[in-house]
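The sequence shown: position 29 = 29 (UniProt numbering), numbered continuously.
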Amino acid sequence: MVKLDFSKPILMSIVNATPDSFSDDGLYRGGSRLPTPGTGGQAKSPQKRLPPDLDVSQIIDIGGESTNPHSKPVNVEQELIRILPVIDIVRHQKNKDQIISLDTYKSPVAEAALQKGVEMINFLCGEFSAPDMYEVVAKYNAYLVIYHIFGTPAGILATRQKRQARHTDVITELLEFFTAQTRKALRAGIDPEKIIIDPGIGFGTTDQENVEILDRLPELAKLGYPILIGLSRKGFLGTLLQQKYQLDAKPEPQDRLEMALELTEKAVRGGAKVIRTHDSALTKKYLSDKGLM
């Protein structure tokens with residue numbers, strides 16, 4: 001198993017094996033390309049090739065269920081149909097220094113992927129998530145990302161509205177959450193050197209809270225675990241760009257790279273160790289030009 005070196009930023013490339021990614025970059029486009037669960041059909045070949053800059057990142061993160069609040073949840077069988085062929089493709093294309101991550105909150109999906117050679121589970125951790133995920137990850141001695149969310153993926157917009165009316169300290173909430181969850185992970189037998197935390201930018205948080213999380217990353221870093229930050233194409237980037245340039249509307253997800261790169265630099269300077277992105281090559285060049293890689 002590859003040992004990750006967190007002494008400098010690590011890039012995580014996003015590979016969406018979904019027909020409904022919010023950023024419209026899924027490998028599968030259109031539900032008709034996917035077999036109906038229970039029919040015995042095989043997943044079709046992806047309509048798009050894998051991103052050409054995958055070799056730039058050390059971690060390749062595959063996701064089979066969109067967290068777009070307008071997307072419908074998928075069951076275990078549907079998710080496996082989507083991700084298993086992609087895992088096979090990536091395994092044959094990646095180099096020996098890269099690891100495959102799976103973005104899921106379902107333990108049966110995680111276990112099937114770990115059996116296929118996946119070495120990291122990017123665990124969206126909420127009340128809806130598998131209660132036995134930590135035991136599954138420990139069984140395979142894999143890396144674990146504990147990925148925070150307020151509420152549920154489908155309820156993100158409503159949760160965000162509720163939080164706008166509240167006056168709670170988001171960092172205090174995150175510190176309490178990660179303290180509790182990392183203790184559970186350690187009790188399950190997960191290697192402490194393989195635990196990564198992700199504050200979940202945009203996952204139920206308000207635009208103001210997203211900025212505050214980035215401003216106060218050093219407080220989260222005091223927990224002693226590497227921090228993963230995913231800003232790529234997030235909605236609040238569009239809001240910031242709209243305000244910066246006094247635009248009539250928020251830029252589309254693919255047009256938010258400028259702000260994503262600026263805030264990624266800020267995150268790295270604040271202590272982020274893993275950067276999850278759709279634009280690995282451009283992110284690497286930007287951080288390298290800033291002397292951060």
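Note that beta-carbon positions come from the ideal geometry of N, C-alpha and C, so glycine has one too.
For K139, which option in P226, N210 and L114 has the closest C-alpha, if you only look at C-alpha atoms?
L114
Starting from the N-terminal side, write out each stretch of the beta strand (DSSP E) that is 3 residues or longer and does not extend beyond the stretch 171 to 220.
195 to 198
K96 versus G63, T205 and L4, residue with shortest Cα-Cα distance
Residue L4 is the option with its Cα nearest to K96.
Considering Y147, what are the terminal residues of the alpha helix (DSSP H) in which it resides?
That residue, Y147, is in no alpha helix (DSSP H); its beta strand (DSSP E) goes Y143 to H148.
Counting Cβ pairs closer than 8 angstroms, one from the stretch 53 to 70 and one from the stretch 273 to 287, do we hit at least three?
yes
Going by Cα to Cα distance, which pick from Y225, E219, T239 and G230 is closest to Q208?
T239
Cβ atoms of Y147 and D191: under 7 angstroms apart, would you say?
no
Could you give the distance in angstroms between the alpha-carbon of G270 and the alpha-carbon of D132?
32 angstroms
Contact between the stretch 61 to 71 and the stretch 151 to 158 (3+ Cβ pairs under 8 angstroms)
yes
Using a threshold of 7 angstroms, state whether the C-beta atoms of I196 and P226 are closer than that.
yes
Report the rounded CA-to-CA distance for E111 versus G235, giving the unit in angstroms.
32 angstroms
Residues sharing a beta bridge with I227, DSSP
For I227, which the question treats as bridged, DSSP gives the partners I197 and A272.
Where G235 sits in the DSSP three-state scheme:
helix
Enumerate in chain order the residues of its own chain whose CB-to-CB distance from N210 is below 7 angstroms, with the five nearest sequence positions on each side excluded.
I201, G202 and F236
Note down the Cα distance separating D255 from G189, rounded to an integer number of angstroms.
Going by the C-alpha atoms only, they are around 42 angstroms apart.
Sort T179, E265 and L80 by Cα distance to G224 and report the nearest one.
T179
What is the C-beta distance between G204 and T159, in whole angstroms, given that I count them as a contact (C-beta under 8 angstroms)?
4 angstroms
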